[in-house]
Each structure stands twice: as structure tokens, then as C-alpha cells.
Amino acid sequence: MPTPVNCPCGTGSPYEMCCGMYHNNPGTAPTAEILMRSRYTAFAIGDFNYIAITQKLKEDPKQAAADIEASNAHTQWIKLEINETEEGLEKDKKGMVSFSAHFKEGKHIGRLSERSVFKKVKKEWFYISGEHEVEKNTPLVNSDAMKIGRNDPCLCGSGKKYKKCCAVK
Numbered sequence: 001m002p003t004p005v006n007c008p009c010g011t012g013s014p015y016e017m018c019c020g021m022y023h024n025n026p027g028t029a030p031t032a033e034i035l036m037r038s039r040y041t042a043f044a045i046g047d048f049n050y051i052a053i054t055q056k057l058k059e060d061p062k063q064a065a066a067d068i069e070a071s072n073a074h075t076q077w078i079k080l081e082i083n084e085t086e087e088g089l090e091k092d093k094k095g096m097v098s099f100s101a102h103f104k105e106g107k108h109i110g111r112l113s114e115r116s117v118f119k120k121v122k123k124e125w126f127y128i129s130g131e132h133e134v135e136k137n138t139p140l141v142n143s144d145a146m147k148i149g150r151n152d153p154c155l156c157g158s159g160k161k162y163k164k165c166c167a168v169k
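Number 130 in full-length UniProt numbering belongs to position 130 of the sequence shown; there are no gaps in the numbering.
What follows is the structure in C-alpha cells.
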């Protein structure tokens with residue numbers, strides 16, 4: 001997938017000044033929330049190596065990028081919403097980020113809601129685990145920031161026009 005102009009994580013910042021910095025320098029995300037946003041963006045643009053190196057899963061510590069890619073092959077990530085954070089700041093050793101990530105698979109849309117646990121190991125944040133729920137065929141809640149015209153670039157960061165991407169029913 002081409003590199004998006006605006007970062008898919010929802011900050012409104014250019015990709016290169018936002019999550020792109022962390023994708024180019026893994027291990028440098030200063031907080032758990034920033035790591036979570038950069039991981040979401042990595043899923044959205046298909047940077048599965050970044051996902052693999054920024055996690056230390058309890059149940060599958062050696063999960064490979066190819067496995068992550070295979071399980072996400074048909075998913076297009078559309079929008080991220082941060083619901084809550086606990087700890088996870090620069091001086092903390094652990095953190096939690098609760099989020100909702102809207103996605104599209106074929107003609108269906110859904111929402112992944114997760115409470116993610118992060119841990120700092122030797123000054124680097126890692127995703128450790130998460131409790132999640134997937135709701136299929138959910139309405140995509142559009143905020144004022146998401147108002148988009150048919151000919152505008154798609155919010156998912158694909159580089160396509162909205163009418164040729166996420167607007168396709």
C-alpha cells in the first residue's frame with residue numbers, strides 16, 4: 001500500500017511527522033498510546049514487520065510478520081478512536097489503552113474494541129496482550145472531522161479517492 005499523506009491514526013498530522021517516525025525507528029514511541037496509534041497505522045498500511053517487532057505476546061511470543069499479515073489479508077482499517085488510557089506515560093513501566101478500530105472486510109464493516117496492555121522493557125514500549133470484542137455490520141460513526149467529499153482522498157490512507165475506496169458499498 002502506498003504511504004498515506006495524512007496519518008491513519010487520526011491525529012490529523014502528516015504520516016511522516018506522526019507514526020512514520022516510529023515506523024522508521026522502531027522502539028522509539030515515548031508512550032503506550034503513541035505505540036498503539038503507530039501499531040494501528042502499521043496495520044492500516046500493511047507494515048506487519050513493525051507489528052511483530054513491537055510486541056511481546058504472552059501466548060505467542062514468536063509470532064511472525066507473515067502470520068500477522070495472513071490474518072489481516074482481507075481487512076481494511078478505516079478509523080481509530082481512543083476511548084481511555086491508564087498510565088503508559090514516558091516515566092511509567094506499564095500502560096493500558098482502550099480503543100475502537102473501525103474496519104471493512106469485503107462489503108461488510110465492523111468495529112474492533114480492545115483494551116490493550118503495554119509494558120516498557122529497557123526504555124521501549126511493547127504490546128503485551130489485549131481483551132477484544134469484534135462487532136460486525138456496525139454503523140461507522142462519522143464525526144465532523146470525518147466529513148469527506150466523494151472526490152476527497154479516503155480517510156483510511158489508501159491514497160484512493162473516497163468514492164473508489166471506503167464509500168464503495
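In this text, a Cβ means the ideal position worked out from N, Cα and C, and glycines have one as well.
For residue i and residue j, what's the separation of their Cα atoms in angstroms?
i, j, result
"Val-121", "His-108", "38 angstroms"
"Met-96", "Ala-70", "26 angstroms"
"Thr-54", "Lys-123", "13 angstroms"
"Asn-151", "Asp-60", "42 angstroms"
"Gly-20", "Lys-62", "24 angstroms"
"Pro-26", "Asn-72", "21 angstroms"
Report yes if the CB atom of residue i is closer than 8 angstroms to the CB atom of residue j, and no otherwise.
i, j, result
"Lys-119", "Lys-91", "no"
"Gly-130", "Arg-115", "yes"
"Ile-51", "Ala-44", "no"
"Phe-126", "Lys-56", "yes"
"Ile-82", "Glu-33", "yes"
"Asp-47", "His-23", "yes"
Among the options, which has the Cα closest to the Cα of residue i?
i, options, result
"Gly-10", "Trp-125, Gly-46, Val-134, His-102", "His-102"
"Gly-12", "Leu-80, His-74, Pro-30", "Leu-80"
"Lys-58", "His-132, Ile-128, Val-5", "Ile-128"
"Gly-106", "Gln-76, Asn-6, Ala-66", "Gln-76"
Does residue i come within less than 8 angstroms of chain B when only Cβ atoms are used?
i, result
"Lys-94", "In summary, chain B is missing from the structure at hand, where a single protein chain is found."
Determine contact between the segment 80-87 and the segment 12-22, defined as no fewer than three beta-carbon pairs at a distance below 8 angstroms.
-> no
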